[in-house]
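Below is one structure; the comments refer to it alone.
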Amino acid sequence: MKNPGISANEFYNHFSGTEQYFAYFFGFVFTDGVKIIAEEEQCFWFIDCIVSYQLSEKFRQEEFQVWKLERVKETQFRLTATDGNNQILATQDIPFSDFFFNEFTIWKEGNVLLLPSEH
Numbered sequence: 227m228k229n230p231g232i233s234a235n236e237f238y239n240h241f242s243g244t245e246q247y248f249a250y251f252f253g254f255v256f257t258d259g260v261k262i263i264a265e266e267e268q269c270f271w272f273i274d275c276i277v278s279y280q281l282s283e284k285f286r287q288e289e290f291q292v293w294k295l296e297r298v299k300e301t302q303f304r305l306t307a308t309d310g311n312n313q314i315l316a317t318q319d320i321p322f323s324d325f326f327f328n329e330f331t332i333w334k335e336g337n338v339l340l341l342p343s344e345h
């Protein structure tokens, strides 16, 4: 049963590896797990945010990135990108989202977006 008090990653932790990659904009691909969560939780906008940042030179130079969406309060979220060593690359406040879970993390490795459990 879904519980908003846990992360989407905890709820969908049964994804390990991927059977298929799905093409996305600007040469990016994502895994089965990312696709299922984006569809079921209607959060393709989160993937769009990640990919849009990659247009900046600063992000193109970072082969590995950790993208975390965290609830600040009720319907407000904060998006944070790090280099995997807790060096913040960007933060963005999301003033409204109906995203169900309190948080969701996606990793970017090269041009692949994946769940940490799929690594």
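Sequential numbering of the sequence shown, starting at 227, is according to this note's numbering.
Virtual Cβ for every residue (Gly too), placed ideally from N, Cα, C.
No experiment lies behind these values; they were computed from the predicted model shown.
query: Enumerated in chain order, which unbroken segments of the beta strand (DSSP E) with a length of 3 residues or greater are wholly contained in the segment 271-321?
result: For the beta strand (DSSP E) assignment, the uninterrupted runs of no fewer than 3 residues enclosed by the segment 271-321 are, from N- to C-terminal side, 290-299, 302-308, 314-320.
Where the alpha helix (DSSP H) through Ser266 begins and ends: First, the amino acid is wrong: residue 266 is Glu here, not Ser. Per DSSP, Glu266 belongs to the alpha helix (DSSP H) from 258-266.
message: What does the Cβ neighbour count give for Gln268, buried or exposed, with the cut at 16 atoms within 10 Å?
response: Gln268 should be labelled exposed.
- request: Report all residues from its chain with a CB closer than 6 Å to the CB of Gln291; omit the five preceding and five following residues, and keep chain order.
  value: Closer than 6 Å at Cβ, skipping near neighbours: Ala307, Lys334.
message: With distance defined between alpha-carbon atoms, name the residue in Phe251, Glu288, Tyr247, Lys228 nearest to Asn312.
response: Comparing Cα positions, the closest option is Glu288.
message: Quick check: the Cα distance between Arg297 and Tyr247, rounded to an integer number of angstroms?
response: Each residue's alpha carbon lies about 28 Å from the other.
query: So which of Gly310, Leu305, Tyr250 has the shortest CA-CA distance to Phe272?
result: Nearest C-alpha to Phe272: Leu305.
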